[in-house]
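Residue numbers (my numbering): 114 to 391. Each residue gets a CB set at the ideal place from its N, CA and C atoms; glycine is no exception. Bear in mind that the values here come from a model prediction, so they are computed numbers and not experimental data.
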Amino acid sequence: MFRFRIWRRIAPCAWGHKTMKKLETKSLVLLKHHLKVLKLPTILAECEKVAGRCAQDNIDHLGFLLQLCELELIEREKRAADRRLKAAKFPNLKTLDTFDFTAQPSLNRLLVAELMRCAYLDNRESVILIGNPGTGKTHVATALGAEACGRGKRVQFWKVTELITKLIEAREERQLARMKKQLARLDLLILDELGYVPTSKLGAELLFDVISTAYERTSLIVTTNLPFENWTEVLGSERLTGATLDRLTHRCHILEATGESYRLQDARRRKGVGKRST
Ligand code: ADP
Ligand code: MG
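Listed below in structure tokens is the structure:
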């Protein structure tokens with residue numbers, strides 16, 4: 114009798130525990146399936162770990178759900194920023210962490226810091242970076258573009274000559290309207306190296322078209338080694354240069370680097386180090 118009582122007391126418990134375990138496994142499999150269908154990969158990967166932690170820390174169900182949703186959102190934003198970075202097609206990904214402002218004292222550091230906050234994008238303002246080759250224009254333009262990607266903006270980086278070639282190709286293939294539509298969807302268009310090579314009349318017109326479509330809709334960052342007065346040499350016609358400059362310089366920030374090439378400084382530094390060590 115005594116034995117029987119003990120058995121009665123323990124048995125349902127042991128049996129229930131087993132069933133619960135079974136149910137747990139079953140619902141976990143189902144849960145994982147649902148999370149996969151719902152496309153919530155981070156919750157899928159983290160739910161067991163977070164559940165364990167929340168149970169330990171006595172966090173209620175809503176708190177647990179909040180933690181999971183936050184993790185999913187953070188990961189989703191990270192993936193989207195990576196996608197935007199890839200779509201921007203930067204030739205080399207650069208950030209300001211590796212930019213030495215002391216090597217380019219003429220560059221307005223405060224303005225660069227202000228631009229990194231990206232308010233110019235919401236105001237549809239543009240940036241022109243002027244300076245000799247090697248003064249870090251592409252580096253700064255890329256850093257600004259990468260920051261914009263991180264803040265959810267659609268960005269594309271184009272070397273001006275490559276953009277013009279692509280525009281001419283698109284025109285020949287009757288794809289120009291499509292390409293222009295794609296460019297118009299951007300929040301920031303970076304035009305690198307305007308003025309390194311003179312453009313054909315058609316090229317200049319197509320470029321002007323892109324710049325005037327972007328006007329007050331898409332921010333532009335233009336890097337150039339040419340002072341404004343020499344733009345006619347590249348764009349050909351005075352009229353087109355005037356109209357392009359008019360659009361570009363309206364509501365724009367100008368960053369000028371008057372120092373010498375960083376590569377040159379770097380080479381000299383290395384040579385100096387080499388000399389000292391020998
Ligand atoms: P630009 O576009 O003005 O010709 P780049 O941005 O291409 O010059 O710079 C040339 C190289 O020197 C790049 O590798 C760039 O990262 C580096 N560089 C230029 N200026 C600096 C700087 N002030 N600090 C660190 N690296 C720099
Ligand atoms: Mg450059």
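Give a single yes or no on whether residue i has its beta carbon closer than 8 Å to a heavy atom of the ligand ADP.
i	result
THR251	yes
PRO340	no
SER374	yes
ASN205	yes
ALA216	yes
PHE212	yes
ALA380	no
For residue i, count neighbouring C-beta atoms within 10 Å of its own C-beta (all shown protein chains included) and say buried if the count is 16 or more, exposed if not.
i	result
GLN269	buried
SER239	buried
SER332	buried
ILE156	buried
THR223	Per the sequence shown, the amino acid found at residue 223 is Leu instead of Thr. LEU223 is exposed by the Cβ-count criterion.
LYS152	exposed
VAL335	buried
GLU286	exposed
ARG196	exposed
THR185	Looking at the sequence shown, residue 185 is not Thr but Glu. The residue in question, GLU185, is buried, as its Cβ has 16 or more Cβ neighbours within 10 Å.
What is the C-beta distance between residue i and residue j, in whole angstroms, given that I count them as a contact (C-beta under 8 Å)?
i	j	result
HIS174	PHE212	Between PHE212 and HIS174 the Cβ distance is about 47 Å, and since that is not below 8 Å, they are no contact.
ARG243	THR337	Sequence check: residue 243 is Ile here, not Arg. That belief holds up - the Cβ atoms of ILE243 and THR337 are roughly 6 Å apart, short of 8 Å.
Verify the contact flag: residue i, CB atom, against every heavy atom of the ligand MG, threshold strictly below 8 Å.
i	result
ASP235	no
ASP305	yes
PRO246	yes
THR336	yes
Can you find a CB in chain D that lies within less than 9 Å of the CB of residue i?
i	result
GLU282	The structure shown has no chain D; it contains just one protein chain.
Indicate whether the contact test is met: 3 or more Cβ pairs, each with one atom in the segment 238–258 and one in the segment 365–377, closer than 8 Å.
yes
Restricting to runs no shorter than 4 residues, where is the alpha helix (DSSP H) found entirely within the segment 304–335?
314–327
At 4 residues or longer, what runs of the alpha helix (DSSP H) sit wholly inside the segment 151–206?
154–169 and 174–201
Should the segment 311–330 be called in touch with the segment 212–224, which here means at least 3 C-beta pairs below 8 Å?
no
Which residue spans inside the segment 234–319 form an unbroken alpha helix (DSSP H) run of at least 4?
250–263, 273–285 and 289–297
Does the segment 287–298 come within contact of the segment 186–194, defined as at least 3 CB pairs closer than 8 Å?
no
Examine the Cβ distances between the segment 340–356 and the segment 299–310 and report whether three or more of them are shorter than 8 Å.
yes
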